[in-house]
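First comes the structure, then the notes that go with it.
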Amino acid sequence: MRINQKLKGELKKYLLDKMRTDRQKVVVYSSVELSSGDIQMLESKFSNISFQNALYRIDESLLAGVVIKVGSKIIDCSVKGTLSNLKHIVYEAH
Amino acid sequence: MENLGIDGKLLLAQILNFLLFFYLIKRFMVKPFMAFLDKEKKQEKEKETALAKIKKAEEQLVIQEAKLNEKAKKELDVILEQAKNDGKQLRVDMLKQAEIDAEEIKMRIKKQLEEEKERLYKDVRQKIGDVSMYLVTEGLKEALDTDTRKKVTERILKNLTTKNITLN
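So the sequence lines, in the order shown, correspond to chains B and E.
Using my numbering, the letters of the first sequence map in sequence onto residues 5 to 98.
Using my numbering, the letters of the second sequence map in sequence onto residues 876 to 1043.
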C-alpha cells in the first residue's frame, strides 16, 4: 500500500514534534498544592529544567515532598520515595 | 567150547555186536554229550570270569564314587567358605556404602534445611519490612495534616541538594 508522501511527511513531523514535546514535558506531583514560593524554589534548585509549561498535580499518597517527571525520567523527592528506598535498604541489609 | 554150550560163532558175533554198539554209542552219543559238557563248563568259567571282572569294576566304581564324593565335599567346603567370605565382604561393603549414602542424605537434608531456613528468614524479614513500612506510611498519613505536609514539603525543597540528583 502506497502512502501519500505529503501525508507521510506531515505524520512524521507531527510524531517528531510530539516526541520532542513529550521529552520536554514536565509534570510535578506533590501531596499538597505547591505555593508560588515552592515553585520558585524548585526552579532555582533545578535550573536545568524548564518549569514554564510544567503541569502540577496532587498525589496524596506521596505523603510529603515532590516527584518531578521530565519526559520518561523521574526525580523522586517525596517521603513515599524515601520510605521505599529505606525498605530496599532493609531488604538488602543481609 | 561146544561142550560147554558156547557157540564160538555166536560169541564172536556178540563180541562184534558189542564192539559195534560201543563204537556207535561212543561216536554218536558220548562224544557230543562230552563236548556239550565241556562247552557248558567253559561258558560257566567265562561267566565266572566276567562276574569277577564286573565285581572288580563295581568295587572300583564304589571306590571312585567315594573318592569323587570326598572331592566334591572338599570342593563344596571350599565354595562354602568362599561364599561365606564373599558374604562377609559384601556385608562390609554394603555397610560402608550405606554409611556413605546416609552421610550424603544427611548433608543434603542439612543443606535443604539451611536453604529453607534462609528462605524463611528472608520471607520473615520481607514481611517485617512490609508491615513496618505499612505502619509507618499509615501512621504518617494519619499524623500529617495539610499544614504539616506543606511544611515538610517546604523543608524538603529547602534542604534539597541537586548536586547528587541525576535524572533517572
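C-beta atoms are modelled at their ideal positions from N, C-alpha and C, and glycine is treated no differently.
Contact note: L46(B) reaches chain E through L1032, using a C-beta cutoff of 7 Å and chain order. At a beta-carbon threshold of 9 Å, the residues of chain B lying near L1019(E) are S35, L67, A68 and V83, ordered along the chain.
Only Y996, K997, R1000, Q1001, I1003, G1004, D1005, S1007 and M1008 from the region 995-1008 of chain E bring a Cβ to less than 9 Å from some Cβ of chain B. Beta-bridge partners assigned by DSSP to G69(B): S82(B).
DSSP places R61(B) in the uninterrupted beta strand (DSSP E) bounded by L59 to I62. Under the three-state reduction of DSSP output, S54(B) falls in the coil class, being neither helix nor strand. Interface flag for G13(B) against chain E is unset, since no Cβ pair is found closer than 9 Å.
Assignment of V31(B) by DSSP, reduced to helix, strand and coil, places it in the strand class. Within the same chain, and ignoring the five residues on either side of G1004(E) in sequence, no residue has its Cβ closer than 7 Å to its Cβ. At a beta-carbon threshold of 8 Å, none of the residues of chain E lie near D63(B); the nearest stands roughly 11 Å away. Under the 8 Å Cβ criterion, the region 13-22 of chain B does not count as touching the region 40-58 of chain B, having fewer than three qualifying pairs. Per DSSP, V999(E) is one residue of the alpha helix (DSSP H) stretching across K906 to A1018. Shortest Cα-Cα distance from S76(B) to any of N8(B), Q28(B) and V83(B) involves Q28(B).
At a cut-off of 9 Å between beta-carbon atoms, D42(B) makes contact with chain E. Against chain B, the beta carbon of K1025(E) has neighbours under 7 Å at V36, listed in chain order. Proximity of the region 1007-1019 of chain E to the region 61-70 of chain B meets the contact definition, three or more beta-carbon pairs being nearer than 8 Å.
Residues of chain E whose Cβ lies closer than 7 Å to the Cβ of V94(B) are, in chain order, G1004. Under a 10 Å Cβ-count criterion, I7(B) is classified as exposed, with fewer than 16 other Cβ atoms of the shown protein chains found around its own Cβ.
Taking a beta-carbon distance threshold of 9 Å, L1035(E) counts as an interface residue toward chain B.
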